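Order-wise, the sequence lines are chains S and G.
So for the first sequence, this note's numbering puts the first residue at 287; every next one is plus one.
So for the second sequence, this note's numbering puts the first residue at 387; every next one is plus one.
Don't be surprised by glycine CBs; every beta carbon is placed ideally from N, CA and C.
If you're wondering where the values come from, they're calculated on a predicted model, not measured in any experiment.
Quick notes on the structure that follows.
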Amino acid sequence: MKKNFLVIIIGLFFGFVVIVKFIIIGAQEPKTLDASSESKIEEFKEKIASRVAQLNKDQINKATSGLIKEIKKDSFVFAGINGEMYTANFDEIITKIYQIKGSQMSELQFSDLAKNDFVIVLGIFSGQTITANFIYKDEQFLVLTGNITEVNKQDYSLKVLTDEKETYILDIETYTNQNMINIKTLETQKIGFSKIKEGDIIHFVIKKDLENKGNRYSAKKILIIPQEYFLIPSENK
Amino acid sequence: LIVSNIQPKTLPESKKIKDTSLIANKKNIRKEEFQPLEIVDPQNNTVFDKPAANFEIKLPKNSLVVVQSPIKDFVFQSEKEKASFEFPLALGENVIVITVYPKDKKIPQQKKTIYLYYLKQKI
Numbered sequence: 287m288k289k290n291f292l293v294i295i296i297g298l299f300f301g302f303v304v305i306v307k308f309i310i311i312g313a314q315e316p317k318t319l320d321a322s323s324e325s326k327i328e329e330f331k332e333k334i335a336s337r338v339a340q341l342n343k344d345q346i347n348k349a350t351s352g353l354i355k356e357i358k359k360d361s362f363v364f365a366g367i368n369g370e371m372y373t374a375n376f377d378e379i380i381t382k383i384y385q386i387k388g389s390q391m392s393e394l395q396f397s398d399l400a401k402n403d404f405v406i407v408l409g410i411f412s413g414q415t416i417t418a419n420f421i422y423k424d425e426q427f428l429v430l431t432g433n434i435t436e437v438n439k440q441d442y443s444l445k446v447l448t449d450e451k452e453t454y455i456l457d458i459e460t461y462t463n464q465n466m467i468n469i470k471t472l473e474t475q476k477i478g479f480s481k482i483k484e485g486d487i488i489h490f491v492i493k494k495d496l497e498n499k500g501n502r503y504s505a506k507k508i509l510i511i512p513q514e515y516f517l518i519p520s521e522n523k
Numbered sequence: 387l388i389v390s391n392i393q394p395k396t397l398p399e400s401k402k403i404k405d406t407s408l409i410a411n412k413k414n415i416r417k418e419e420f421q422p423l424e425i426v427d428p429q430n431n432t433v434f435d436k437p438a439a440n441f442e443i444k445l446p447k448n449s450l451v452v453v454q455s456p457i458k459d460f461v462f463q464s465e466k467e468k469a470s471f472e473f474p475l476a477l478g479e480n481v482i483v484i485t486v487y488p489k490d491k492k493i494p495q496q497k498k499t500i501y502l503y504y505l506k507q508k509i
């Protein structure tokens, strides 16, 4: 860690010296910064960023995510998964920001980020402060497990008590991926709503929605373990 | 005078604590501990540059294992106390929940959640 820090300092110092030299040369000569000089400076900036990234490769491979709570001029505060607060610092030259949509990424500006956006921050961690190399705006999903306590056949919904003792109401939509484990073969198979019973175990995925004030969500997908699986004697499984 | 008059009492045979090794050998009481669910690899918050992660877990033997994320459900039976498998990752954050249901009903169901990231780092 100290060695890496020292190398970064030395690298930045040399970079600073070269930039100053460029400026001095530019000041002495007639002020016509030609395209080739500009592109050299740009190239050098990119090299510094790449070098810093390379030096800290082991730190780059760590990320955390959460909801933005406050945005400042060059940073934002976000709440991590377990509620801990982080500050992500943005650097105009080094930090890249992207939006993730499905399997595609598109570039964003810092000004495109807003409060309550769900972000993934990749960078150098120093306690609760992150020097962000990359920021990704993404969608947040919850993956939960529980017992089905009620099946509503009128509005195609399920009441679930999760392992964390929270109650959810899941709306089963036409797009909800519904699967059940075959207790004999242990393979998963597609099912209809009528196969689901109170007392079954359910594993489900929902998309987190901040505008949702209650605990009622449309289920993205569900996987049912029939209660009969747990009634079969151990030696027959 | 008071102390010297106190006679040591001996417990009747029926109230004596029996040898615990004799009790443990009975079939309906398990003496050995079970292997709790543990995700050995990968570590939480790991970033991947490819859309898959290789998992190594420890778990109670003879368990039904359910691995769920927003893009994949994976179910298998593990007879041993170790299991390895590859699991796909979506671009961005992947919340992956591993739940084990041991065949032995004396061992409780266990669950672990891990957050992994598949990110394309364009420098």
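Rounded to whole angstroms, A321/S and L502/G show a C-alpha spacing of 43 Å. Between the C-alpha atoms of E329/S and L408/S there is a straight-line separation of about 23 Å. Sequence-distant partners of T499/G (beyond 5 residues in either direction) whose C-beta falls short of 6 Å from its own C-beta, in its chain, are V483. For the stretch 440-474 of chain S, residues whose beta-carbon sits nearer than 8 Å to a beta-carbon of chain G comprise D449, N465, I467, L472, E473, T474.
Using a Cβ distance threshold of 7 Å, E467/G and K492/G do not count as a contacting pair.
Sequence-distant partners of I482/S (beyond 5 residues in either direction) whose C-beta falls short of 7 Å from its own C-beta, in its chain, are I434, V437, L444, I510.
Of all alpha-carbon atoms in L456/S, M391/S, I327/S, D377/S, the one lying nearest the alpha-carbon of S397/S is that of D377/S.
The Cβ of L394/S sits no closer than 7 Å to any Cβ of chain G. Beta-carbon to beta-carbon, T453/S and L430/S are separated by about 11 Å, too far to satisfy the 8 Å threshold. Measuring C-alpha to C-alpha distances from V433/G to each of I455/S, F302/S, F420/S identifies F420/S as the nearest. Between L517/S and I354/S, the alpha-carbon positions lie close to 46 Å from each other. In the structure shown, the three-state DSSP call for Y515/S is helix. DSSP, reduced to helix, strand and coil, places L353/S within a strand of the structure shown. Around F420/S, the beta-carbon contacts reaching into chain G at under 8 Å are L505, Q507. K494/S and Q429/G have their C-alpha atoms roughly 24 Å apart. A residue is called buried once 16 or more other Cβ atoms fall within 10 Å of its Cβ, and P488/G is buried on that count.
Per DSSP, D459/G is one residue of the beta strand (DSSP E) stretching across 459-464.
With respect to the 7 Å criterion, I488/S and I469/S are not classified as neighbours on the basis of their beta carbons. In this structure, the alpha-carbon of N465/S lies about 16 Å from that of S504/S. For A476/G, there is no enclosing beta strand (DSSP E), as DSSP marks it with neither H nor E. For I386/S, the three-state secondary structure derived from DSSP is strand. If one requires a minimum length of 3 residues, the beta strand (DSSP E) runs lying completely within the stretch 442-494 of chain S are 443-448, 453-457, 463-467, 474-476, 487-493, in chain order.
Among the CB atoms of chain S, none fall inside 7 Å of the CB of Q496/G. Contact of S455/G with chain S by beta-carbon distance below 7 Å involves V429. The C-alpha of F490/S lies about 31 Å from the C-alpha of E419/G.
For E393/S, the secondary structure class from DSSP, reduced to helix, strand or coil, is strand. Contact of I386/S with chain G is assigned, a C-beta pair being separated by under 7 Å.
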